[in-house]
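Heads up, the thing below is written out as structure tokens.
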Amino acid sequence: MQSIVGLFVVLGGLGSLYAVLYYFNKKTPEPEGCEEIEQHCSGCGITSCGRHPSHNEVKENKPC
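Residue numbers (the numbering used here): 133 to 196.
Okay, structure coming up:
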């Protein structure tokens, strides 16, 4: 029983650490000069990046 409680404490601690670090990462401003990167970005394998060209595509509403 103690090992299960210990497991939840460790997982909760790791989850909390992740949430705090994610918050501070989002709060950090971009360095100067990063605004120009979007114009030169041709795209890489990281599609979750906010600067990836796939996010600039306009999706058309096609009828069914």
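All residues carry an ideal CB built from backbone N, CA and C; glycine is no exception. Only a predicted model underlies this, so the values are computations on that prediction, with no experimental measurement involved.
Among the options, nearest to residue i - alpha-carbon criterion
i	options	result
Cys173	Gly138, Gly147, His184 and Asn188	His184
DSSP state of residue i mapped onto helix, strand, coil
i	result
Cys181	coil
Ser135	helix
Gly165	coil
Ser148	helix
Ser174	coil
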